[in-house]
Amino acid sequence: MSGERIRETVAAIRPPDNAELAAKILGRLNSLTKPPGSLGKLEDLALRYGLIRGTARPELKRKAMYLFCADHGVTEEGVSPYPAEVTRQMVENFLAGGAAITVLCRHHGIETVIVDMGVRGETAAGVVREKIAGGTRNFTREPAMTREQAERSIETGIRLAHAADAPDVLAAGEMGIGNSTAAAALMSAFTGRDAAECAGRGTGVDDAGLARKVDAIRRGLALHRPDPRDGTGVLAAVGGFEIGAIAGLILGAAAARRMVVLDGFISTSAALIARALAPDSLQYVCFSHLSAERGHRLLLDELGGEPLLSLDMRLGEGSGAALGVGIVEAAVKLYNEMATFAEAGVSDK
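Here you go:
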């Protein structure tokens, strides 16, 4: 039945609340050889991670970055300075290990999983092929995808999060020329903000390109008038296959009690879809950084997200998420590997 896996996953999501477990984790944090609270947000991260995993001694052994890649029909409107074929070329660069994200993943020991959700043309061996179509349609003229395609994209992310070999922490990245336009359209549709507040320069459009981007979003939303209460419907109207997969990864990870580390503006837009389908799923999300993209601060405020870093990055690919995974891992290692006052023979008085 269409959408059944999404409904089952949503029904399985519960808030990671457990007062007894939280007390145990805080007790250990406060017994470590440091002044109480002196590690700041790292202590908050350790607490969140333990609650998500449901144990007072959580492990973080495996980390994976899911790079969801797809093309966008809205590029026909001149919204990007790069041609659409750059998406496929960057997939090849990911495979060769020459992209920023692959350098960062090597540095942090993060597995990379490159997923073709809708790249135009054939992708090389080594890519997980989940291609729904060779890119979305131009949403200024027709829906970006059918509802069935939207459901398939979400279900792909769910399936990857539920795989038997799923890692302890999942990170989400993306590649797709034109996808900052789709992300801004999603933000405008879900929040009611005008496209001019949501759309930024993406990969570096000039003033004329930014004006075309804003105009394309306004025309697309006026044409489709998507209902913000219908997450799948908004995705189908103006979204992207890779963005739908990230939304599914959030949902699947939440149901499986795993943390998801999101990157910047584009992957954060997927959290709007996840929230519309299952608000509690956001309790499993870690927002890695504040992007330099115009709408990201507003989007994080909308979602109640507090980023770990602010480095004026706007590359995408998952670059900020890779750095965020390193911080989460550091927090968990500090929690697990630091000595307590009693173990170290240090007076706590």
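Going by numbering that gives the first Met the number 0, the sequence shown opens with residue 0, and the numbers climb by one from there. For glycine and all other residues, C-beta sits at the position ideal for the given N, C-alpha and C.
With contacts defined as CB atoms closer than 8 angstroms, Asp70 and Gly125 fail to qualify as a contacting pair. A contact is defined here as three or more CB-CB pairs under 8 angstroms, and the segment 182 to 192 fails this definition with respect to the segment 148 to 166. By the neighbour-count definition (other C-beta atoms within 10 Å, threshold 16), Ser346 is an exposed residue. In the pairwise beta carbon analysis, the segment 168 to 178 is classified as touching the segment 82 to 97: at least three pairs are separated by under 8 angstroms. Annotated three-state conformation of His106 is helix, per DSSP. With a minimum length of 3 residues, the unbroken runs of beta strand (DSSP E) contained wholly in the segment 196 to 283 fall at 258 to 261. Membership of Tyr65 in any alpha helix (DSSP H) is not indicated; the residue belongs instead to the beta strand (DSSP E) covering Lys62 to Ala69. Straight-line spacing of the CA atoms in Arg105 and Leu185 works out to 32 angstroms.
With the rule of 3 Cβ pairs closer than 8 angstroms, the segment 301 to 312 does not count as touching the segment 160 to 176. Annotation: the continuous beta strand (DSSP E) that includes Glu173 extends over Val168 to Met174. Note on Thr145: under 16 other CB atoms within 10 angstroms of its CB, so exposed under the neighbour-count rule.
A direct Cα-Cα distance of roughly 38 angstroms separates Arg140 from Ala255. In this structure, the beta-carbon distance from Glu196 to Phe67 does not fall below 8 angstroms.
In the DSSP secondary-structure assignment, Val127 is bridged to Val114. Cβ-Cβ distances below 7 angstroms link Val324 to Lys62, His107, Ile109, Val168, Ala170 and Val260 in the same chain, with the five nearest sequence neighbours on each side left out; the list follows chain order.
In the assembly as shown, Pro34 is an exposed residue. Its beta-carbon has fewer than 16 other beta-carbons within 10 Å.
Between the alpha carbons of Ala291 and Asp214 lies a gap of roughly 21 angstroms.
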